[in-house]
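Following: one structure in structure tokens, then a few remarks.
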Amino acid sequence: MTTSTITGTITTGVTLTGASFTNPVTIAAGASISGTDAVYAAQNWTILNDGMVSGDTTDSGIHLDGGGAAVTNSASGSIGGGAYGVNITGATGTVVNYGSIGGGNTGVYVGQGTDALVRNAGTISGDGLFGVSLTGTDATLENSGVITGSYAAFLDADTANRLIVDVGAVFGGVVQANATAANTIELASGAGTLAGLGSDYVGFQTVTIDSGGSWDIAGSLSGFAGVTVEGFTSRDTIDLTGLAFDSGDRADLNPSTHVLTIRNSGGGVLGTIQFDGGVTGDFFHLLSDGNNGTFVEDDETPCFCRGTHIRTPKGEMPIEALRIGDLVTVAGGPPLPVKWIGRRSYRDWSAVGNTGVQPVLFKAGSLADRVPARDLLVSPEHAMLLDGMLVPARHLVNGISILKLEDVEQIDYFHLEIERHAVIFAEGAAAESFADDDSRDAFHNADEYRALYPNERRRRFVEYCAPRVEDGYALDALRRALATRGARLLPTAKAARTPVQQGYLDRATRTTVEGWAVVPSGEPVMVAIVVNGAVVGQTRADCYREDLKKAGIGGGQCSFHFVLPQPLSPELSHRIEVRRVSDWTLLHGGPVTLSAVALRNAA
Numbered sequence: 134m135t136t137s138t139i140t141g142t143i144t145t146g147v148t149l150t151g152a153s154f155t156n157p158v159t160i161a162a163g164a165s166i167s168g169t170d171a172v173y174a175a176q177n178w179t180i181l182n183d184g185m186v187s188g189d190t191t192d193s194g195i196h197l198d199g200g201g202a203a204v205t206n207s208a209s210g211s212i213g214g215g216a217y218g219v220n221i222t223g224a225t226g227t228v229v230n231y232g233s234i235g236g237g238n239t240g241v242y243v244g245q246g247t248d249a250l251v252r253n254a255g256t257i258s259g260d261g262l263f264g265v266s267l268t269g270t271d272a273t274l275e276n277s278g279v280i281t282g283s284y285a286a287f288l289d290a291d292t293a294n295r296l297i298v299d300v301g302a303v304f305g306g307v308v309q310a311n312a313t314a315a316n317t318i319e320l321a322s323g324a325g326t327l328a329g330l331g332s333d334y335v336g337f338q339t340v341t342i343d344s345g346g347s348w349d350i351a352g353s354l355s356g357f358a359g360v361t362v363e364g365f366t367s368r369d370t371i372d373l374t375g376l377a378f379d380s381g382d383r384a385d386l387n388p389s390t391h392v393l394t395i396r397n398s399g400g401g402v403l404g405t406i407q408f409d410g411g412v413t414g415d416f417f418h419l420l421s422d423g424n425n426g427t428f429v430e431d432d433e434t435p436c437f438c439r440g441t442h443i444r445t446p447k448g449e450m451p452i453e454a455l456r457i458g459d460l461v462t463v464a465g466g467p468p469l470p471v472k473w474i475g476r477r478s479y480r481d482w483s484a485v486g487n488t489g490v491q492p493v494l495f496k497a498g499s500l501a502d503r504v505p506a507r508d509l510l511v512s513p514e515h516a517m518l519l520d521g522m523l524v525p526a527r528h529l530v531n532g533i534s535i536l537k538l539e540d541v542e543q544i545d546y547f548h549l550e551i552e553r554h555a556v557i558f559a560e561g562a563a564a565e566s567f568a569d570d571d572s573r574d575a576f577h578n579a580d581e582y583r584a585l586y587p588n589e590r591r592r593r594f595v596e597y598c599a600p601r602v603e604d605g606y607a608l609d610a611l612r613r614a615l616a617t618r619g620a621r622l623l624p625t626a627k628a629a630r631t632p633v634q635q636g637y638l639d640r641a642t643r644t645t646v647e648g649w650a651v652v653p654s655g656e657p658v659m660v661a662i663v664v665n666g667a668v669v670g671q672t673r674a675d676c677y678r679e680d681l682k683k684a685g686i687g688g689g690q691c692s693f694h695f696v697l698p699q700p701l702s703p704e705l706s707h708r709i710e711v712r713r714v715s716d717w718t719l720l721h722g723g724p725v726t727l728s729a730v731a732l733r734n735a736a
């Protein structure tokens with residue numbers, strides 16, 4: 134079916150009929166239509182507007198009075214009317230806007246029918262009352278642009294209303310949903326802010342954060358009443374704008390009901406926030422938002438991964454094999470019995486990409502020669518004792534010998550509690566035991582502890598066995614030392630004593646690795662190509678390159694071009710290193726990470 138196209142200028146308006154036009158109808162760029170209801174149709178017409186449409190002072194720019202009607206307004210398109218910009222009245226309809234739509238009363242109105250839909254990536258304005266008004270049954274509004282009006286949006290469908298907020302969306306006015314319907318705010322992937330829950334966004338029962346989202350959700354504590362927050366992770370923050378921060382306040386999560394209760398220092402309830410089951414095992418804390426309010430943040434508790442060997446008087450034991458009452462070796466004192474073992478697990482969607490729970494990998498020898506003795510996996514918040522400081526693992530990641538893993542699909546964490554906070558040994562590395570800093574409820578078996586010790590009174594303050602450091606010069610110096618060590622780390626879990634003199638990894642692809650390396654003696658340098666920790670081959674850096682000769686490097690006879698034994702899969706991420714064989718020193722320019730997404734886009 135061919136498309137009708139309107140060009141030129143029409144000042145008396147257009148009425149769409151099957152006798153005159155073929156559906157859909159395009160209003161061409163540069164075309165201008167004005168009049169009472171500048172464009173009107175009584176059937177289910179589709180309008181594609183690239184031009185300018187203007188209704189008179191009492192009517193609409195585009196008025197469609199048939200079910201299944203649709204309007205798409207391009208980035209160059211402009212639609213305006215004295216009452217409505219776009220008015221779809223007969224039944225359900227769809228409006229997609231990339232340009233400008235405005236009305237003296239309402240920018241866009243879609244009434245009646247099922248599944249009304251408005252997507253806005255441009256500007257919609259309602260000077261008199263509504264930017265967007267949707268009625269009928271099951272209405273959806275998605276905004277990545279600007280919508281303004283006394284009510285930026287009025288979602289009055291009587292069954293369900295769905296508001297999708299993309300990063301950067303602006304609502305200049307209240308967003309009101311029909312309080313008797315099931316209404317959801319969906320926060321799209323990316324980093325954004327939703328301010329005014331309960332005041333600027335009214336009538337919603339659910340706020341859901343899409344996978345990959347990182348959102349600051351702000352509102353009064355009363356604004357969260359009756360609202361369930363879904364998809365909340367350690368990347369997200371709730372800002373209770375009306376609750377002045379008090380260091381004595383606390384946030385307690387009920388692992389069964391997923392209700393977070395905010396209490397004052399006397400134990401009185403200030404309010405609650407309902408989460409979905411995705412926060413089970415998480416630990417929340419409060420801090421000042423810097424603007425007379427209180428942030429609620431989700432922290433992950435420190436833990437060891439399954440399989441970690443713990444030092445005991447009887448030898449090294451896998452952590453999952455330990456039982457309450459077993460003795461463990463403690464730094465600076467006699468062995469102590471295990472008082473409790475906290476457990477928590479994550480699978481699939483709750484693990485992959487969840488930066489708060491994905492483990493940190495300490496390669497064997499990354500902290501000292503053969504320390505740890507084997508690769509060690511801990512949670513991001515687990516503190517290691519280094520240079521007399523307790524430092525959370527996430528602050529030690531250097532991308533060389535201490536890595537953050539992001540694609541682990543199954544995580545089982547364990548944490549050992551003894552009678553006091555102390556240093557124990559995991560794979561030979563000094564690490565902290567469990568300290569109850571309001572984080573016990575982060576474990577799936579927290580009730581087990583209460584059953585074992587029903588009359589125990591919790592200490593008001595945690596006494597750490599060493600200073601806990603998360604910033605400052607001492608930490609910066611430690612990080613530099615560990616990164617330098619990582620660059621010289623050998624497969625034997627020891628660091629080479631002699632650093633490389635010169636060399637560089639110039640380029641790494643799925644098929645080839647190129648660079649150069651020299652030593653003062655002028656002898657050819659053997660280099661090893663390492664992919665994802667495994668040596669895939671060795672080559673001699675003795676090829677000629679004119680640019681190196683001009684730079685006075687090795688007479689130009691010091692480059693290498695290595696063809697991988699087989700191309701790397703574009704479906705997986707790959708970490709490529711080049712190391713000098715003689716002392717296992719990492720060449721500058723590496724490691725290079727080829728991500729699956731980047732490879733797929735490049736294909």
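Those letters in the sequence shown? Residues 134 to 736, per this note's numbering, in order.
Think of the CB as a built atom: it goes at the ideal place given N, C-alpha and C, for glycine as much as any other residue.
The alpha helix (DSSP H) enclosing residue i, as first and last residue numbers
i, result
"K682", "E679 to K683"
"G619", "Y606 to A620"
Nearest candidate by alpha-carbon position, reference residue i, set the options
i, options, result
"G655", "R673, E647 and V663", "R673"
"I533", "I350, C436, T361 and A628", "A628"
"W649", "R643, A626, G685 and N665", "G685"
"V204", "D192, T225, D409 and V504", "T225"
"G352", "D289, K472, N425 and A667", "N425"
"I452", "V511, G670, R643 and I166", "V511"
"T394", "D422, A358, T374 and T370", "A358"
"R739", "F495, W473, S137 and T366", "Coverage of the chain is limited to positions 134 through 736, which leaves residue 739 absent and any answer about it impossible."
"G261", "G215, L622 and D248", "G215"
"R612", "D545, N531, R713 and L622", "N531"
"A328", "A312, H548 and V308", "V308"
"D502", "R590, P624, G223 and I342", "P624"
"V229", "N206, T239 and R439", "N206"
Which residues DSSP lists as bridging residue i, in chain order
i, result
"S350", "The sequence shown places Ile at residue 350, rather than the Ser named in the question. DSSP, once it has assigned bridges, lists L327 and I371 as partnering I350."
"F357", "Bridge partners of F357: none, in fact."
"I143", "I166"
"K537", "V493"
"S233", "S211 and T256"
"C438", "Y546"
"F365", "Note: F365 sits in no beta bridge, so no partner."
Simplified DSSP state of residue i, which is helix, strand or coil
i, result
"S187", "strand"
"A579", "helix"
"E603", "coil"
"V412", "helix"
"R383", "strand"
"A501", "strand"
"L623", "coil"
"L509", "strand"
"I452", "helix"
"A562", "strand"
"A584", "helix"
"A629", "coil"
"H515", "coil"
"D574", "helix"
"H554", "coil"
"L403", "strand"
"T148", "strand"
"A464", "coil"
"L376", "coil"
"A224", "coil"
First through last residue of the beta strand (DSSP E) which encompasses residue i
i, result
"F547", "Q543 to E550"
"P446", "Where P446 is concerned, there is no enclosing beta strand (DSSP E), given that its DSSP letter is neither H nor E."
"P525", "M522 to P525"
"L393", "V392 to R396"
"T339", "T339 to I342"
"E647", "T645 to V651"
"D639", "Q635 to A641"
"A568", "No beta strand (DSSP E) holds A568; DSSP gives it neither H nor E."
"V241", "T239 to V243"
"V663", "V658 to V664"
Cβ of residue i within 9 Å of any chain B Cβ
i, result
"I221", "Checking the listed chains, one finds no chain B in this structure; it contains a single protein chain."
What ranges does the alpha helix (DSSP H) occupy inside the region 246-332, keeping only unbroken runs of at least 4 residues that lie completely in it?
none
Complete runs of the beta strand (DSSP E) confined to the region 155-219 [at least 3 residues]
158-160, 165-168, 172-174, 179-182, 185-188, 193-197, 202-206 and 211-214
May I have a chain-ordered list of the beta strand (DSSP E) segments no shorter than 3 residues that lie completely inside the region 670-727?
690-696, 707-713 and 725-727
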